[in-house]
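All letters in the sequence shown, in the order written, are residues 1 to 767 by full-length UniProt numbering. Cβ atoms here follow ideal geometry from the backbone N, Cα and C, with glycine treated the same way. Remember, predicted model here, so these are calculated numbers, not experimental data.
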Amino acid sequence: MNDSLSKITSMIESAKDLSIEAAMSASARLIDSTNAPRPQEISSLLNSRSNRDISNGMKCVIGLIAKGEDGLPYFADVVKNVTNDNAKVKQLVFIYLTKYADAQADTALLAINSIQKSLNDKTPSNRANAIRSLAGIKISSIVPILALSLKRTATDPSPQVRAASAMAIGKVYAISGKSKKQMYEILGTLLADSDVIVVSAAIKSYFKIFPNIRGETKNWKFIHGNFRRICSLLSKFDEWAQVYAIDILTLYCRKFIAKPSENKIDPDLSLLVQSLEPLISSVSDMVILTVVRGIYLLAPWHLTNMDIILTRISTSTNDTTTRVYSLQTIEYVCQDLAHIFAHRFRSFYVSPDDPPGIAILKLNILGSISNDTNFKYIFEELKYYALHSKSRIVKRGSIKAMAKCSQISPEWSERILQWCLTNIKVLGGESLSEILTVVRFIIQQKCAASGDKEKHEIMNVLHKLAFYLIDDGQNLENNAKASIIWTIGEYTGLAENSIGPDALRMSLKSFATQAACVRYQLLVLACKIVVYNMNRLLSEHGDSNEDKQTVNLKLQETIEFRMFQYVLHLAKYDPSYDTRDRARMFSVLLNSGIDRAPLASLILQVPKPTPLVNDRAIGFDEEFKALKLYFQVTEWSTDISQLPSSSIRKEAPIQYNKLSNASSVFSERSKSPSPVNTQSFSSNQFSKGGVSQSEQIAKTYQLQSLDEFFGSDEESSEEEEEVSEAEEEDFDGDDDDDDDDDDDNEGDACESDESEEESSENDSIQS
């Protein structure tokens with residue numbers, strides 16, 4: 001008998017499971033099936049008397065919205081279900097209202113009363129959904145109602161409701177108008193809440209509204225007293241609250257704390273840094289990168305132990321965006337603290353499967369962290385990338401990284417230069433152009449040293465470049481030829497005009513067959529050679545009129561001047577408009593004699609800027625600019641006497657909200673009792689008044705009529721509006737010290753009056 005009963009029971013359970021699965025699949029088909037309900041069917045479901053049909057209708061509407069379709073035609077049918085007793089249906093209605101309330105503002109106002117009634121629901125999740133939905137309906141006309149509701153829910157016994165209230169303030173603060181001061185005060189109370197979840201939500205809202213708060217003194221008003229407590233709670237926040245809190249506290253320290261050193265650091269700043277260090281082991285990559293930014297801006301010498309974590313994020317994570325951001329952070333930090341990552345150079349070797357943007361970032365980091373110890377390994381990698389990589393972007397980036405590494409020492413600079421000169425005949429295209437750019441960069445470095453050894457080395461380089469130029473077997477590209485001609489002409493004076501004239505003479509044979517860029521550079525080379533001769537002859541003979549005539553005659557007899565005239569004649573009929581125009585300008589400038597030699601020198605021999613050797617990742621340039629802006633914060637205060645004393649950061653009283661009578665708790669706000677859970681009560685609450693807790697609750701919560709209930713709300717709302725209108729001008733106006741003191745005094749007076757009224761009400765209740 002027992003066996004048969006057990007078999008029947010198992011059959012019933014299996015049938016129940018099958019029916020549940022069938023119902024779930026049928027519900028999914030309402031959205032995903034090709035035979036989805038038509039608008040008329042959805043409307044009939046929403047207007048049905050069955051909660052099951054209404055739930056299916058709401059799922060269809062939310063499904064349409066999720067697929068990108070417009071759900072606005074069902075607005076009236078959805079709003080009428082806001083009074084439905086089913087919690088899931090009501091939650092879907094709240095989600096729908098949050099999205100479309102702006103489009104149908106007048107109709108959305110019909111649901112306000114029903115949502116307000118949900119604020120008195122027994123279930124905390126329903127109350128939280130209600131205040132969340134009210135904040136989602138961003139209509140300025142309901143802001144006074146929302147402000148009154150927030151004042152109530154901010155003292156709700158449930159931390160879930162208080163956290164929802166904090167998030168709601170961040171949503172509606174921008175449209176609050178005259179209620180901004182009241183909402184800011186409520187948010188300040190929530191920042192001092194006893195529950196970590198509430199403080200976490202308040203931090204997020206504070207970060208959002210911070211740019212909209214006027215006045216230096218008011219936007220930091222509630223951070224002063226909660227600074228130390230937020231530091232102690234950092235490890236308990238969720239990851240996004242940690243990110244926002246770190247950014248807020250970093251900016252706070254730069255404004256209100258003296259700049260530290262390795263030997264002297266403010267205790268509050270030390271507290272923050274000690275609170276940040278454990279977060280470097282967070283599971284969230286974004287938290288780790290934010291911690292790195294905070295420590296870099298506050299106490300950079302503490303970053304020495306964080307290289308392992310940063311390297312792991314940049315090389316092991318699968319998220320490309322996170323890898324890019326971490327590599328950009330490392331590159332930015334290496335500008336000042338390259339030694340931190342110098343011993344981990346192998347972690348930044350380029351892999352064949354790395355995207356171009358990540359490969360360029362790695363190459364930039366290799367160029368930044370190279371030193372005498374590790375460059376012999378880095379140089380071998382860069383040479384391999386330049387010669388054998390399949391990506392032209394990686395080839396170009398590796399050659400630019402060599403240019404950055406050439407600044408390590410003269411020995412390494414010479415080795416890089418010789419490698420570049422050797423591979424001119426091997427590489428082509430953009431790689432060859434980058435090699436010539438590196439050659440120019442190194443030559444300019446040697447020219448700045450201005451020693452006999454450097455001068456001799458530059459002449460050897462120019463000889464090799466001229467040989468490559470006139471050798472027909474090299475088959476150089478046009479851009480490479482133009483770059484070599486420009487380099488020879490730029491440093492022809494340093495070589496005492498011993499190389500430029502021969503290079504020009506050999507190149508003029510094929511002037512007509514050269515590309516436009518090559519012909520133009522040959523014209524410029526001829527002009528630079530003539531200017532050098534003019535200055536040399538002028539320095540030999542003097543500045544008198546007779547000497548100038550002698551110089552002009554000797555100049556016209558030189559072979560260099562004749563080649564210049566020949567080039568002008570060829571350029572006069574050049575197909576390129578730019579070449580013809582420049583030829584006319586140089587003809588007027590140099591054929592006028594020695595008088596215009598200074599002007600010609602100024603135009604042609606002015607020092608040129610050093611070529612850029614930093615390469616930005618393709619497609620990530622804007623992101624790196626944003627990163628640099630993110631790292632740019634307020635400078636440390638140079639005048640320590642202007643900084644406030646550390647007493648301004650005295651911990652504010654913690655706001656406790658227990659499941660007991662609100663008045664009995666708030667009357668003891670000046671104290672800071674030890675935290676208790678939401679199901680326990682302190683002995684003080686039972687000892688005061690000699691009345692048991694159950695009797696107090698019974699006497700406090702008495703049944704009221706609807707007229708009494710809404711009448712009390714209207715009276716309190718009118719009082720709040722009067723107070724907010726009187727104080728709003730001070731909150732949004734100028735931030736003079738006298739006005740701030742007056743506001744504080746008025747606020748203290750109001751708080752004392754409220755506390756007296758509450759205490760009198762408690763006495764009357766207990767009596």
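Tell me where the alpha helix (DSSP H) around residue i begins and ends.
i	result
GLY225	Looking at the DSSP string, GLY225 is not in any alpha helix (DSSP H), and its letter there is neither H nor E.
HIS343	Counting along the chain, HIS343 falls outside any alpha helix (DSSP H), and DSSP gives it neither H nor E.
THR634	Premise fails: THR634 is in no alpha helix (DSSP H) and is neither H nor E.
THR83	Counting along the chain, THR83 falls outside any alpha helix (DSSP H), and DSSP gives it neither H nor E.
ARG582	577–590
ALA101	That residue, ALA101, is in no alpha helix (DSSP H); it is neither H nor E in DSSP.
SER149	143–153
ASP53	51–66
residue 769	The requested residue 769 does not occur in the structure, where the chain is confined to residues 1 to 767.
ILE213	Neither: ILE213 is in no alpha helix (DSSP H) and is coded neither H nor E.
PHE564	559–572
GLU41	39–46
LYS650	Counting along the chain, LYS650 falls outside any alpha helix (DSSP H), and DSSP gives it neither H nor E.
ILE139	ILE139 -> no alpha helix (DSSP H), and no H or E assigned at all.
LYS362	356–369
SER601	597–604
ILE115	112–118
GLN160	159–172
Could you name the residues that DSSP lists as bridge partners for residue i?
i	result
ASP193	GLN655
Leaving aside the five residues before and after residue i along the sequence, list all residues of the same chain whose C-beta is less than 8 Å from its C-beta, in chain order.
i	result
ALA23	For ALA23, the pLDDT reaches just 49, beneath the cut-off of 50, and the residue's location in the model is therefore unreliable, leaving the point undetermined.
TYR630	ARG293
LEU110	VAL79
ASP713	Residue placement at ASP713 cannot be trusted, given a pLDDT of 48 that sits under 50; what the coordinates show is reported in the next sentence. So the qualifying residues of the chain are LEU148.
THR487	LEU436, VAL439, ARG440, ILE443, LEU462 and LEU465
THR550	HIS541
LEU234	GLN242, ALA245, ILE246, SER275, LEU276 and LEU279
ASP595	LYS548
CYS447	GLU454, ILE458, TYR491 and LEU494
PHE511	ARG519, LEU522, VAL567 and LEU570
ASN126	ALA87, LYS90 and SER118
residue 771	Here the chain comprises residues numbered 1 to 767, so residue 771 is not present and cannot be evaluated.
ARG152	LEU119
Got a sec? Which residues, its chain only, sit under 7 Å from residue i by beta carbon, not counting five neighbours each side?
i	result
MET402	LEU382, ILE416 and VAL438
LEU271	ARG228 and CYS231
Only counting the same chain, and skipping five residues up and downstream in sequence, which positions put a Cβ closer than 6 Å to that of residue i?
i	result
GLY57	ILE42, LEU45 and LEU46
PHE624	GLN328
THR311	ARG344 and SER347
LEU366	PHE348, ILE378 and ALA401
ILE139	ALA105
ILE470	MET506
ALA359	VAL350 and VAL394
GLY136	THR98
ASN84	LYS90
Taking 9 Å as the CB-CB cut-off, is residue i touching chain D?
i	result
ASP372	Here there is only one protein chain, and chain D is not present.
Task: Ranges of the alpha helix (DSSP H) found wholly within the stretch 250–323, counting only runs of at least 4 - done: 267–276, 285–298 and 307–316
- [ ] Kindly confirm or deny that the stretch 495–503 and the stretch 601–610 touch, where touching means at least three C-beta pairs closer than 8 Å.
- [x] no
Open item on the list: Quick check: the stretch 278–292 against the stretch 259–268, are at least 3 beta-carbon pairs closer than 8 Å?
Closed with: no
Open item on the list: Report the start-end ranges of each alpha helix (DSSP H) in the stretch 381–446 that is 4 residues or longer and not cut off at the edges.
Closed with: 392–405 and 410–422
- [ ] Ignoring anything shorter than 4 residues or poking outside the stretch 489–518, list the alpha helix (DSSP H) runs there in chain order.
- [x] 500–507
Task: Segment contact flag, the stretch 138–146 with the stretch 177–184, C-beta cutoff 8 Å, min 3 pairs - done: yes
Open item on the list: Does the contact criterion of 3 or more C-beta pairs under 8 Å hold for the stretch 549–559 versus the stretch 567–574?
Closed with: no
TODO: Answer yes if the stretch 285–302 comes into contact with the stretch 235–253, meaning at least three C-beta pairs across the two stretches below 8 Å, and no otherwise.
DONE: yes
Open item on the list: Is it the case that the stretch 166–176 contacts the stretch 185–205, given that we only count it when at least three CB pairs across the two stretches are under 8 Å?
Closed with: yes
- [ ] Take every Cβ of the stretch 531–540, pair it with every Cβ of the stretch 574–583, and state whether three or more of those distances are shorter than 8 Å.
- [x] no
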